[in-house]
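The sequence shown begins at 4 in our numbering and counts up one residue at a time. Glycine included, C-beta positions come from ideal geometry on N, C-alpha and C. Report on the following structure.
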Amino acid sequence: MSSYKFLLAGLVPLGVYTLHSISRTNGLFPQLTEACEAKILTDSATTWPTWLQKSPELAGFLVSFFWPLATGAHVTGAFNSLAFVGNSFAMWIVTMIEAGRGGTRGSVISYITIYGLLFQLGGIGVIGPAYLALNLYLSPIPSDPKPSNIAISDLAYLRAVPYALLTGFVLPTLAVALPYPSIISMDTKIAALVFWQAFPLWTSISTYLFKAFFPTELALPADGKKQLPLLRKAYGLGLVLATTSHIAVVSLSMGSIVAPALFRAGVLDDLKLASIFLPTFSMEKIASVGEGGLKFLQWDYAIISLSQIIWAVAQTSKVDRKGLGFSVGNGWIDAALRSAVFGPLGAALTLVWERDEIVLGETAVKKA
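If you want it as C-alpha coordinates, here you go:
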(Lines of atoms letter the chains of each structure in order from A; the text may use other names.)
(Lines give C-alpha, C1' and ligand atoms only; values in the text may rest on other atoms or scores of the structure.)
Protein backbone atom coordinates (compact mmCIF):
# COMPACT_ATOMS: atom_id res chain seq x y z
CA MET A 4 0.00 0.00 0.00
CA SER A 5 2.94 2.34 0.60
CA SER A 6 3.72 2.42 -3.14
CA TYR A 7 0.29 3.89 -3.88
CA LYS A 8 0.76 6.56 -1.22
CA PHE A 9 4.21 7.36 -2.61
CA LEU A 10 2.85 7.74 -6.13
CA LEU A 11 0.10 10.08 -4.96
CA ALA A 12 2.45 12.15 -2.82
CA GLY A 13 4.79 12.47 -5.79
CA LEU A 14 2.05 14.03 -7.88
CA VAL A 15 1.64 16.95 -5.45
CA PRO A 16 4.88 18.77 -6.41
CA LEU A 17 4.13 18.04 -10.06
CA GLY A 18 0.80 19.78 -9.59
CA VAL A 19 2.40 22.77 -7.89
CA TYR A 20 4.88 23.13 -10.73
CA THR A 21 2.53 22.62 -13.67
CA LEU A 22 -0.42 24.57 -12.29
CA HIS A 23 1.22 27.42 -10.43
CA SER A 24 4.81 27.81 -11.58
CA ILE A 25 4.07 27.44 -15.29
CA SER A 26 0.99 29.68 -15.00
CA ARG A 27 3.12 32.46 -13.57
CA THR A 28 5.85 32.03 -16.16
CA ASN A 29 3.60 31.81 -19.22
CA GLY A 30 1.70 34.94 -18.20
CA LEU A 31 -1.65 33.48 -17.15
CA PHE A 32 -1.60 34.68 -13.56
CA PRO A 33 -0.18 38.13 -14.48
CA GLN A 34 -2.93 38.59 -17.09
CA LEU A 35 -5.59 37.60 -14.57
CA THR A 36 -4.14 40.00 -12.02
CA GLU A 37 -4.22 42.83 -14.56
CA ALA A 38 -7.85 42.04 -15.39
CA CYS A 39 -8.74 42.14 -11.69
CA GLU A 40 -6.97 45.45 -11.19
CA ALA A 41 -8.76 46.96 -14.20
CA LYS A 42 -12.10 45.38 -13.19
CA ILE A 43 -12.67 44.07 -16.71
CA LEU A 44 -13.40 40.62 -18.07
CA THR A 45 -10.67 38.83 -19.94
CA ASP A 46 -12.13 39.91 -23.29
CA SER A 47 -10.39 43.21 -22.39
CA ALA A 48 -13.54 45.14 -23.18
CA THR A 49 -16.36 44.30 -20.76
CA THR A 50 -16.39 46.00 -17.38
CA TRP A 51 -17.28 43.94 -14.33
CA PRO A 52 -20.83 44.50 -13.05
CA THR A 53 -20.99 46.71 -9.98
CA TRP A 54 -21.79 43.87 -7.57
CA LEU A 55 -18.71 41.94 -8.72
CA GLN A 56 -16.51 45.01 -8.28
CA LYS A 57 -17.66 45.16 -4.65
CA SER A 58 -17.10 41.43 -4.09
CA PRO A 59 -13.86 39.89 -2.77
CA GLU A 60 -11.14 40.00 -5.42
CA LEU A 61 -10.98 36.20 -5.44
CA ALA A 62 -14.45 36.07 -7.02
CA GLY A 63 -13.32 38.32 -9.84
CA PHE A 64 -10.13 36.31 -10.31
CA LEU A 65 -12.09 33.07 -10.71
CA VAL A 66 -14.65 34.64 -13.04
CA SER A 67 -11.85 36.04 -15.19
CA PHE A 68 -10.20 32.62 -15.36
CA PHE A 69 -13.31 30.72 -16.41
CA TRP A 70 -14.96 33.38 -18.57
CA PRO A 71 -13.42 32.45 -21.97
CA LEU A 72 -14.06 28.76 -21.22
CA ALA A 73 -17.65 29.16 -20.03
CA THR A 74 -18.59 31.42 -22.94
CA GLY A 75 -16.91 29.24 -25.57
CA ALA A 76 -14.65 32.09 -26.63
CA HIS A 77 -11.77 29.61 -26.45
CA VAL A 78 -13.11 26.54 -28.27
CA THR A 79 -10.49 24.02 -27.16
CA GLY A 80 -10.70 25.20 -23.58
CA ALA A 81 -14.49 24.88 -23.64
CA PHE A 82 -14.28 21.28 -24.86
CA ASN A 83 -11.68 20.40 -22.24
CA SER A 84 -13.91 21.95 -19.58
CA LEU A 85 -16.93 19.95 -20.79
CA ALA A 86 -15.06 16.66 -20.54
CA PHE A 87 -13.39 17.59 -17.25
CA VAL A 88 -16.50 18.77 -15.45
CA GLY A 89 -18.58 15.88 -16.78
CA ASN A 90 -16.06 13.35 -15.51
CA SER A 91 -15.86 15.26 -12.23
CA PHE A 92 -19.47 14.28 -11.52
CA ALA A 93 -18.25 10.69 -11.26
CA MET A 94 -15.33 11.68 -9.05
CA TRP A 95 -17.48 13.71 -6.68
CA ILE A 96 -20.18 11.08 -6.24
CA VAL A 97 -17.46 8.57 -5.32
CA THR A 98 -16.06 11.11 -2.86
CA MET A 99 -19.48 11.64 -1.29
CA ILE A 100 -20.04 7.90 -0.91
CA GLU A 101 -16.59 7.31 0.58
CA ALA A 102 -17.22 9.97 3.22
CA GLY A 103 -20.14 7.98 4.63
CA ARG A 104 -18.50 4.57 4.89
CA GLY A 105 -18.01 2.82 8.22
CA GLY A 106 -14.24 2.91 7.88
CA THR A 107 -14.01 6.65 7.20
CA ARG A 108 -17.11 8.31 8.68
CA GLY A 109 -16.20 10.90 11.31
CA SER A 110 -12.51 10.99 10.42
CA VAL A 111 -10.64 13.92 8.89
CA ILE A 112 -11.03 12.51 5.39
CA SER A 113 -14.83 12.54 5.71
CA TYR A 114 -14.89 16.37 5.71
CA ILE A 115 -15.21 16.51 1.96
CA THR A 116 -16.74 19.99 1.81
CA ILE A 117 -13.44 21.44 3.01
CA TYR A 118 -11.56 19.23 0.56
CA GLY A 119 -13.74 20.39 -2.32
CA LEU A 120 -13.48 24.09 -1.51
CA LEU A 121 -9.71 23.78 -1.18
CA PHE A 122 -9.29 22.21 -4.59
CA GLN A 123 -11.57 24.81 -6.14
CA LEU A 124 -9.17 27.44 -4.83
CA GLY A 125 -5.78 25.75 -5.18
CA GLY A 126 -6.36 23.41 -8.10
CA ILE A 127 -7.43 19.79 -7.84
CA GLY A 128 -4.14 18.78 -9.44
CA VAL A 129 -2.46 19.85 -6.18
CA ILE A 130 -5.10 19.25 -3.51
CA GLY A 131 -6.50 16.07 -5.07
CA PRO A 132 -3.44 13.80 -4.85
CA ALA A 133 -2.63 15.16 -1.37
CA TYR A 134 -6.13 14.33 -0.12
CA LEU A 135 -6.16 10.89 -1.75
CA ALA A 136 -2.76 10.06 -0.25
CA LEU A 137 -4.13 11.09 3.16
CA ASN A 138 -7.19 8.96 2.49
CA LEU A 139 -5.04 5.87 1.89
CA TYR A 140 -3.02 6.65 5.00
CA LEU A 141 -6.00 7.08 7.34
CA SER A 142 -8.63 4.75 5.90
CA PRO A 143 -8.66 1.06 6.88
CA ILE A 144 -10.60 0.14 3.74
CA PRO A 145 -7.76 -0.48 1.23
CA SER A 146 -5.94 -2.91 3.53
CA ASP A 147 -9.07 -4.43 5.08
CA PRO A 148 -12.05 -4.19 2.68
CA LYS A 149 -14.53 -5.96 4.92
CA PRO A 150 -18.27 -5.19 4.85
CA SER A 151 -18.25 -3.25 8.14
CA ASN A 152 -15.62 -0.86 6.75
CA ILE A 153 -17.28 -0.40 3.37
CA ALA A 154 -20.94 -0.34 4.41
CA ILE A 155 -22.73 2.98 4.92
CA SER A 156 -24.77 2.83 8.11
CA ASP A 157 -26.78 5.96 7.32
CA LEU A 158 -28.95 4.82 4.44
CA ALA A 159 -30.79 8.13 4.38
CA TYR A 160 -27.46 9.76 3.55
CA LEU A 161 -26.79 7.23 0.81
CA ARG A 162 -30.23 7.71 -0.69
CA ALA A 163 -29.73 11.50 -0.68
CA VAL A 164 -26.36 11.40 -2.49
CA PRO A 165 -27.57 11.28 -6.13
CA TYR A 166 -30.19 13.98 -5.53
CA ALA A 167 -27.59 16.16 -3.82
CA LEU A 168 -25.22 15.74 -6.75
CA LEU A 169 -27.92 16.81 -9.17
CA THR A 170 -29.00 19.90 -7.25
CA GLY A 171 -25.65 20.94 -5.79
CA PHE A 172 -23.33 20.26 -8.72
CA VAL A 173 -25.11 19.35 -11.96
CA LEU A 174 -27.70 22.16 -11.93
CA PRO A 175 -25.12 24.91 -11.16
CA THR A 176 -22.99 23.52 -13.99
CA LEU A 177 -25.91 23.65 -16.41
CA ALA A 178 -26.57 27.24 -15.35
CA VAL A 179 -22.98 28.16 -16.19
CA ALA A 180 -23.31 26.46 -19.58
CA LEU A 181 -26.35 28.53 -20.62
CA PRO A 182 -25.37 30.90 -23.46
CA TYR A 183 -25.55 34.63 -23.13
CA PRO A 184 -27.05 36.95 -24.27
CA SER A 185 -29.44 34.66 -26.15
CA ILE A 186 -30.78 32.94 -23.01
CA ILE A 187 -29.30 34.64 -19.94
CA SER A 188 -27.78 38.06 -19.32
CA MET A 189 -24.11 38.72 -18.70
CA ASP A 190 -24.79 39.45 -15.02
CA THR A 191 -26.60 36.13 -14.64
CA LYS A 192 -23.77 34.30 -16.40
CA ILE A 193 -21.21 35.83 -14.05
CA ALA A 194 -23.37 35.12 -11.00
CA ALA A 195 -23.71 31.49 -12.12
CA LEU A 196 -19.93 31.21 -12.41
CA VAL A 197 -19.43 32.59 -8.92
CA PHE A 198 -22.12 30.31 -7.48
CA TRP A 199 -20.67 27.24 -9.24
CA GLN A 200 -17.30 27.66 -7.52
CA ALA A 201 -18.82 26.53 -4.21
CA PHE A 202 -20.45 23.34 -5.51
CA PRO A 203 -18.88 21.25 -2.69
CA LEU A 204 -20.80 23.38 -0.21
CA TRP A 205 -24.05 23.19 -2.19
CA THR A 206 -23.86 19.39 -2.47
CA SER A 207 -23.23 19.15 1.26
CA ILE A 208 -26.21 21.35 2.10
CA SER A 209 -28.37 19.50 -0.42
CA THR A 210 -27.42 16.15 1.14
CA TYR A 211 -28.70 17.16 4.55
CA LEU A 212 -31.83 18.75 3.11
CA PHE A 213 -32.71 15.64 1.12
CA LYS A 214 -32.05 13.41 4.12
CA ALA A 215 -34.95 15.15 5.84
CA PHE A 216 -37.34 13.85 3.16
CA PHE A 217 -36.52 10.21 3.77
CA PRO A 218 -37.98 8.05 6.57
CA THR A 219 -35.85 7.98 9.70
CA GLU A 220 -35.85 4.20 9.73
CA LEU A 221 -33.46 4.30 6.80
CA ALA A 222 -30.78 5.74 9.05
CA LEU A 223 -30.00 2.44 10.70
CA PRO A 224 -27.07 0.02 10.67
CA ALA A 225 -27.42 -1.46 7.23
CA ASP A 226 -27.16 -4.90 5.74
CA GLY A 227 -24.61 -4.71 2.95
CA LYS A 228 -26.84 -6.35 0.37
CA LYS A 229 -29.73 -4.01 1.15
CA GLN A 230 -27.69 -0.92 0.34
CA LEU A 231 -26.37 -2.22 -2.98
CA PRO A 232 -29.44 -0.96 -4.91
CA LEU A 233 -28.86 2.54 -3.50
CA LEU A 234 -25.17 2.38 -4.35
CA ARG A 235 -25.98 1.26 -7.89
CA LYS A 236 -28.31 4.22 -8.31
CA ALA A 237 -25.64 6.67 -7.16
CA TYR A 238 -22.81 5.09 -9.12
CA GLY A 239 -25.02 4.73 -12.19
CA LEU A 240 -25.85 8.42 -12.17
CA GLY A 241 -22.20 9.43 -11.88
CA LEU A 242 -21.16 7.05 -14.63
CA VAL A 243 -23.90 8.16 -17.04
CA LEU A 244 -23.00 11.83 -16.55
CA ALA A 245 -19.28 11.16 -16.97
CA THR A 246 -19.71 8.96 -20.02
CA THR A 247 -22.12 11.32 -21.77
CA SER A 248 -19.79 14.30 -21.60
CA HIS A 249 -16.70 12.23 -22.44
CA ILE A 250 -18.29 10.57 -25.47
CA ALA A 251 -19.69 13.91 -26.66
CA VAL A 252 -16.26 15.54 -26.71
CA VAL A 253 -14.49 12.53 -28.22
CA SER A 254 -17.21 12.10 -30.87
CA LEU A 255 -17.02 15.74 -31.96
CA SER A 256 -13.24 15.50 -32.11
CA MET A 257 -13.35 12.32 -34.20
CA GLY A 258 -16.10 13.83 -36.34
CA SER A 259 -13.83 16.73 -37.24
CA ILE A 260 -11.38 14.18 -38.66
CA VAL A 261 -13.87 11.91 -40.41
CA ALA A 262 -16.08 14.68 -41.80
CA PRO A 263 -14.09 17.94 -41.69
CA ALA A 264 -16.48 19.60 -44.14
CA LEU A 265 -19.06 19.79 -41.36
CA PHE A 266 -16.83 22.09 -39.30
CA ARG A 267 -15.38 25.53 -39.82
CA ALA A 268 -11.82 25.27 -41.11
CA GLY A 269 -10.60 27.55 -38.34
CA VAL A 270 -11.56 25.14 -35.55
CA LEU A 271 -10.32 21.83 -36.99
CA ASP A 272 -6.98 22.03 -35.20
CA ASP A 273 -8.73 23.10 -32.00
CA LEU A 274 -10.83 19.92 -32.01
CA LYS A 275 -7.96 17.44 -32.16
CA LEU A 276 -7.88 15.16 -29.10
CA ALA A 277 -4.26 16.10 -28.43
CA SER A 278 -5.16 19.80 -28.49
CA ILE A 279 -8.00 19.24 -26.03
CA PHE A 280 -6.40 16.87 -23.54
CA LEU A 281 -2.62 16.62 -23.89
CA PRO A 282 -0.71 18.85 -21.43
CA THR A 283 2.76 20.18 -22.16
CA PHE A 284 5.60 21.71 -20.15
CA SER A 285 5.80 24.70 -22.49
CA MET A 286 6.72 28.00 -20.83
CA GLU A 287 5.94 30.12 -23.90
CA LYS A 288 3.92 33.25 -23.28
CA ILE A 289 0.22 32.73 -23.82
CA ALA A 290 -1.77 34.80 -26.28
CA SER A 291 -4.87 34.93 -24.10
CA VAL A 292 -6.34 33.91 -20.76
CA GLY A 293 -8.33 31.26 -22.61
CA GLU A 294 -5.14 29.64 -23.85
CA GLY A 295 -3.59 29.81 -20.40
CA GLY A 296 -6.74 28.43 -18.81
CA LEU A 297 -6.65 25.47 -21.19
CA LYS A 298 -3.03 24.69 -20.30
CA PHE A 299 -3.88 24.91 -16.59
CA LEU A 300 -6.92 22.64 -16.89
CA GLN A 301 -5.11 20.10 -19.06
CA TRP A 302 -2.65 19.50 -16.23
CA ASP A 303 -5.40 19.72 -13.61
CA TYR A 304 -7.44 17.05 -15.40
CA ALA A 305 -4.45 14.81 -16.14
CA ILE A 306 -3.13 14.83 -12.57
CA ILE A 307 -6.44 14.25 -10.80
CA SER A 308 -7.31 11.52 -13.32
CA LEU A 309 -4.08 9.67 -12.62
CA SER A 310 -4.50 10.28 -8.88
CA GLN A 311 -8.06 8.97 -8.79
CA ILE A 312 -7.08 5.86 -10.75
CA ILE A 313 -4.11 5.16 -8.45
CA TRP A 314 -6.42 5.55 -5.46
CA ALA A 315 -9.12 3.33 -7.00
CA VAL A 316 -6.60 0.60 -7.85
CA ALA A 317 -5.38 0.74 -4.24
CA GLN A 318 -8.97 0.38 -3.05
CA THR A 319 -9.35 -2.86 -5.00
CA SER A 320 -5.88 -4.30 -4.39
CA LYS A 321 -7.09 -6.68 -1.65
CA VAL A 322 -10.19 -7.81 -3.53
CA ASP A 323 -10.11 -10.55 -6.15
CA ARG A 324 -11.83 -9.10 -9.22
CA LYS A 325 -11.03 -11.98 -11.58
CA GLY A 326 -14.05 -13.44 -13.27
CA LEU A 327 -16.05 -10.22 -13.36
CA GLY A 328 -17.81 -9.77 -16.67
CA PHE A 329 -16.07 -6.57 -17.68
CA SER A 330 -12.69 -7.04 -16.01
CA VAL A 331 -9.41 -8.61 -17.05
CA GLY A 332 -8.54 -8.91 -13.38
CA ASN A 333 -5.90 -6.17 -13.40
CA GLY A 334 -6.98 -2.77 -12.11
CA TRP A 335 -4.45 -0.79 -14.15
CA ILE A 336 -5.44 -2.45 -17.44
CA ASP A 337 -9.13 -2.16 -16.64
CA ALA A 338 -8.74 1.55 -15.85
CA ALA A 339 -6.84 2.20 -19.08
CA LEU A 340 -9.36 0.39 -21.26
CA ARG A 341 -12.40 1.88 -19.56
CA SER A 342 -11.00 5.41 -19.71
CA ALA A 343 -11.52 5.36 -23.46
CA VAL A 344 -15.27 4.91 -22.96
CA PHE A 345 -16.09 6.40 -19.57
CA GLY A 346 -13.29 8.93 -19.21
CA PRO A 347 -10.58 8.44 -16.56
CA LEU A 348 -12.65 9.52 -13.56
CA GLY A 349 -15.56 7.42 -14.75
CA ALA A 350 -13.18 4.46 -15.08
CA ALA A 351 -12.03 4.97 -11.49
CA LEU A 352 -15.66 4.93 -10.38
CA THR A 353 -16.20 1.52 -12.00
CA LEU A 354 -13.33 -0.01 -10.02
CA VAL A 355 -14.77 1.17 -6.71
CA TRP A 356 -18.26 0.09 -7.76
CA GLU A 357 -17.01 -3.42 -8.51
CA ARG A 358 -15.30 -3.63 -5.13
CA ASP A 359 -18.56 -2.72 -3.41
CA GLU A 360 -20.49 -5.31 -5.40
CA ILE A 361 -18.02 -8.03 -4.42
CA VAL A 362 -17.60 -7.14 -0.74
CA LEU A 363 -21.14 -6.09 0.11
CA GLY A 364 -22.54 -8.90 -1.98
CA GLU A 365 -20.47 -11.22 0.23
CA THR A 366 -18.70 -12.84 -2.70
CA ALA A 367 -15.32 -11.37 -1.88
CA VAL A 368 -12.11 -13.30 -2.01
CA LYS A 369 -9.42 -11.33 -0.23
CA LYS A 370 -5.94 -11.42 -1.66
CA ALA A 371 -3.01 -12.32 0.54
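Asked, Found
"Reference Ala277; option with closest CA among Tyr166, Gly80, Leu35", "Gly80"
"Straight-line gap, Ile187 to Ala178 (C-alpha atoms, nearest Å)", "9 Å"
"Backbone secondary structure at Val97 - three-state DSSP", "helix"
"Where Thr353 sits in the DSSP three-state scheme", "helix"
"Under 8 Å between C-beta atoms of Ala338 and Val362", "no"
"Nearest-angstrom Cβ-Cβ length linking Gly18 and Gly126, presumed shorter than 8 Å", "6 Å"
"Endpoints, the alpha helix (DSSP H) within which Ala315 is located", "292 to 318"
"Buried or exposed (CB count within 10 angstroms, at least 16 for buried), Met94", "buried"
"Residue range of the alpha helix (DSSP H) that includes Trp70", "60 to 73"
"Where the alpha helix (DSSP H) containing Arg162 begins and where it ends", "158 to 168"
"Length of the line joining the Cα atoms of Leu137 and Leu65", "27 Å"
"Exposure of Asn83, with buried meaning 16 or more beta-carbon neighbours within 10 Å", "buried"
"Proximal residues to Val78 (C-beta, below 8 Å), its chain only, five neighbours per side dropped", "Val270, Asp273, Leu274"
"Identity of the residues DSSP links to Thr50 by a beta bridge", "Ile43"
"Residues of its chain near Asp190, where Cβ-Cβ distance is below 7 Å and the 5 sequence neighbours each way are ignored", "Pro52"
"Ile307 versus Gly128: straight-line alpha-carbon distance, rounded", "5 Å"
"Ala163 versus Phe213, Gln200, Ile155, residue with shortest Cα-Cα distance", "Phe213"
"Meets three-Cβ-pair contact criterion under 8 Å: the region 112 to 120 and the region 328 to 347", "no"
"For Lys275, three-class secondary structure by DSSP", "coil"
"Buried or exposed by the 16-neighbour rule on C-beta atoms within 10 Å, applied to Trp373", "Only positions 4 to 371 of the chain appear in the structure, and residue 373 is not among them; the question remains open."
"Secondary structure of Pro16, DSSP reduced to three states", "helix"
"Cβ contact (3+ pairs, closer than 8 Å) linking the region 199 to 216 and the region 227 to 247", "no"
"Span separating the alpha-carbon of Gly364 from that of Gly131", "30 Å"
"Lys192 - DSSP class collapsed to helix/strand/coil", "helix"
"Buried versus exposed, by CB contacts within 10 Å (16 or more), Phe216", "exposed"
"Three CB pairs or more closer than 8 Å across the region 193 to 203 and the region 151 to 162", "no"
"C-alpha distance - Glu360 paired with Ala73, whole-angstrom precision", "38 Å"
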